[in-house]
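Residue numbers (my numbering): 1180 to 1382. Single-structure report; data block below.
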């Protein structure tokens, strides 16, 4: 199954991959909208999840995002590459992208996922349910026990922060920082590798 998944990743073009990524996020927005209609009493009840003047947005969301990114960076340095092997999907998504593109992808993903999993599902069904669904939705991580444990722990951490701050903007900020910074690491690793290969060919 893992080999079939990896082969599938290599078979799709970059254009197909990006279409799939954005369609997935649109689908998550639609699911959030449909569930929200039934679960929230009114639109104002939903928008109460967004508190723009809350200092926790940067203080908690920013600090937690940077802490998770720093820990991941350390683990990437000390663990074998296979522990972070997701079949090459993250590399395909972020390699060769501009900083603006990396930021846009991270922003869309963080908004769509946090609104659905924390704003809608956790608000009505609790931390445990939302965290498990979040972990299992990241299907590709099921093929790598370390990544699955990683995303499950992260999901519970984000959910715990949302439980205590009750502000979806806090977890969106945290989620965005993690995805954006890790995307930048992948982008610059790819750029460095290309430069080294070009230097080898020149010799």
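We put the CB at the ideal spot given by N, CA and C, even for glycine. Source: prediction; values computed, not measured.
In the three-state reduction of the DSSP assignment, residue 1232 falls in the coil class, being assigned neither a helical nor a strand state.
A straight-line Cα-Cα distance of about 18 Å links residue 1296 and residue 1328.
The Cβ atoms of residue 1300 and residue 1312 sit closer than 9 Å to each other.
Counting C-beta atoms within 10 angstroms of its own C-beta, residue 1193 has fewer than 16 neighbours from the protein chains shown and is therefore classed as exposed. Assigned with DSSP and collapsed to three states, residue 1270 falls in helix. Between residue 1236 and residue 1352, the C-beta spacing is below 9 Å. For residue 1282 against residue 1359, the beta-carbon gap comes to about 6 Å, under 8 Å, which counts as contact. A straight-line Cα-Cα distance of about 7 Å links residue 1326 and residue 1262. With respect to residue 1365, residue 1270 sits close: the two C-beta atoms are nearer than 9 Å.
Non-local C-beta neighbours of residue 1298 in its own chain, meaning closer than 6 Å and more than five positions away in sequence, comprise 1228, 1347, ordered along the chain. Around the beta carbon of residue 1355, a 10 Å sphere encloses 16 or more other beta carbons of the protein chains shown; the residue is thus reported as buried. In this structure, the straight-line span from the alpha carbon of residue 1338 to that of residue 1323 is close to 22 Å. Secondary structure of residue 1276 (DSSP, three-state): coil. Scanning 1341, 1287, 1206 for the CA closest to the CA of residue 1310 turns up 1341. Residue range 1324 to 1344 is occupied by the alpha helix (DSSP H) that includes residue 1341.
About 15 Å separates the beta carbon of residue 1239 from that of residue 1333, a gap too long to meet the 8 Å contact definition. By the neighbour-count criterion, in which 16 or more other beta carbons inside 10 Å mark a residue as buried, residue 1213 falls on the exposed side. Where residue 1213 is concerned, the enclosing alpha helix (DSSP H) starts and stops at 1193 to 1218.
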